[in-house]
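Protein chains in written order, with the numbering used here: chain Y, 66 to 219; chain X, 66 to 219. Note that CB positions come from ideal geometry on N, CA and C, so glycine has one too. The structure appears below as structure tokens.
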DNA sequence: ATCAGCCTTCCAATCGTTGGAAGGTCAACT
DNA sequence: AGTTGACCTTCCAACGATTGGAAGGCTGAT
């Protein structure tokens with residue numbers, strides 16, 4: 066990771082977003098795929114359907130990705146793994162990509178999604194509880210008929 | 066929910082599993098679908114591919130579901146919502162359905178899956194953190210360019 | 001010069017889900 | 001007894017998301 070002095074940058078006629086977008090740790094699609102865990106082919110697909118912004122290109126047409134692009138891809142990957150639809154993910158990613166949206170809107174939307182996520186955490190923890198319960202009751206030789214127990218317990 | 070005296074049951078020549086399976090709160094596929102949130106058609110599909118055990122039938126062929134069956138369906142629904150594949154879910158459900166498996170195996174497998182689930186919880190919490198970060202930085206008029214910030218921050 | 005990596009478009013296949021159609025039985029209510 | 005809605009079956013189509021291959025071509029580093 067590069068450490069940048071913003072006064073040095075402005076002396077070059079550059080601003081931070083530009084730098085973030087084009088200069089910091091630039092890489093081809095292959096490396097971005099490797100780091101983010103998102104298939105290169107899928108990255109192109111995501112770009113084509115507007116999930117992620119169009120990557121900038123080198124003079125010869127190669128896509129160029131910054132660390133922050135990779136971060137977005139990682140976020141998408143994560144969200145997908147956690148069962149979000151591409152439609153939902155488009156919204157989520159759009160949230161912090163869309164610089165023209167009013168702050169209040171973004172905040173509201175973000176917090177709304179936080180609620181969603183927290184519910185998922187609860188559901189996961191409920192599943193964890195179920196599995197732990199199962200494991201706990203498997204010390205002896207005879208395993209109890211867990212489904213019935215669960216059925217009676219709740 | 067029915068409260069049952071097991072001595073009363075045995076006086077009828079019944080045991081608890083049988084009771085759980087066939088007598089406690091029996092319902093048709095429609096009600097089971099409504100309670101569990103799993104489409105009736107999908108329940109039949111799950112049965113056909115072995116995700117859930119074959120439902121018992123009335124004399125006329127209607128499928129009959131117990132509370133514990135509904136619990137299983139809810140579990141499947143949850144797992145699906147949280148991004149597990151049907152293959153994974155088959156294993157998970159099989160875990161506490163399979164009475165012939167050795168206790169130690171079940172315990173090990175269950176705890177292995179708990180690890181998986183806990184990683185997902187962490188990923189969710191990371192996403193929550195990201196969104197909260199976004200929301201927190203949206204009080205002022207000008208929203209910072211979050212992707213860059215995220216990119217620099219991590 | 002070679003070879004991996006990138007570009008494009010198109011097409012096929014998988015998985016999970018949902019819906020419809022067709023043809024039939026069953027249970028409950030008037 | 002008749003009607004209505006819920007259930008039974010099988011089959012077929014479609015969608016969303018992902019992955020892979022094929023074909024044909026350019027780029028960049030050794």
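Taking 8 Å as the CB-CB limit, is residue 172 of chain X close to chain Y?
-> yes
In terms of alpha-carbon separation, which member of X:195, X:192, X:168, X:199 lies closest to residue 198 of chain Y?
-> X:168
In chain order, what residues of the same chain lie with their CB nearer than 8 Å to the CB of residue 91 of chain Y, ignoring the 5 residues before and after it?
-> 129, 130, 131
Using DSSP with H/G/I as helix, E/B as strand and the rest coil, what is residue 84 of chain X?
-> Low local confidence applies: a pLDDT of 47 at residue 84 of chain X is under 50, so the model's placement there is unreliable, and no value is given.
If you scan the stretch 101-163 of chain Y from start to end, which runs of the alpha helix (DSSP H) of 4 or more residues do you find wholly inside it?
-> 105-113, 132-146, 151-162
Stretch pair the stretch 134-154 of chain X + the stretch 99-115 of chain Y: three plus CB contacts closer than 8 Å | no
Around the C-beta of residue 173 of chain X, are 16 or more other C-beta atoms found within 10 angstroms, so that it is buried, or is it exposed?
-> exposed
So, using beta-carbon positions, are residue 179 of chain Y and residue 193 of chain X closer together than 8 Å?
-> yes
Output yes if chain X places a C-beta closer than 8 Å to the C-beta of residue 92 of chain Y; else output no.
-> no
Using the rule of at least 16 other Cβ atoms within 10 Å of the residue's Cβ for burial, across every protein chain shown, is residue 116 of chain Y buried or exposed?
-> buried
Whole angstroms is fine: what's the gap from residue 136 of chain X's alpha carbon to residue 182 of chain X's?
-> 19 Å
Start and end of the alpha helix (DSSP H) containing residue 170 of chain X?
-> 168-201
Hey, how far is the Cα of residue 94 of chain X from the Cα of residue 200 of chain Y?
-> 30 Å
Using the Cα positions of residue 162 of chain Y and residue 145 of chain X, report the straight-line distance between them to the nearest angstrom.
-> 29 Å
Out of X:138, X:188, X:175, X:189, which has the shortest C-alpha to C-alpha gap to residue 111 of chain X?
-> X:138
Could you name the residues of chain X that residue 119 of chain Y contacts, counting a contact when the two beta carbons are closer than 8 Å?
-> Simply none; closest approach about 14 Å.
Contact list for residue 183 of chain X against chain Y, beta-carbon separation under 7 Å = 193
Residues of the stretch 119-146 of chain X with Cβ closer than 9 Å to any Cβ of chain Y, in chain order | 131, 132, 133, 134, 135, 136, 137, 140, 143, 144, 145, 146
Tell whether a beta-carbon distance below 8 Å holds between residue 188 of chain X and residue 147 of chain Y.
-> yes
Would you kindly check if the distance between the Cβ of residue 140 of chain Y and the Cβ of residue 195 of chain X is under 8 Å?
-> yes
Inter-residue spacing [alpha-carbon to alpha-carbon] between residue 97 of chain Y and residue 114 of chain Y | 18 Å
How big is the Cα-Cα spacing for residue 202 of chain Y and residue 133 of chain X?
-> 17 Å
What is the C-beta distance between residue 190 of chain X and residue 186 of chain Y, in whole angstroms, given that I count them as a contact (C-beta under 8 Å)?
-> 7 Å
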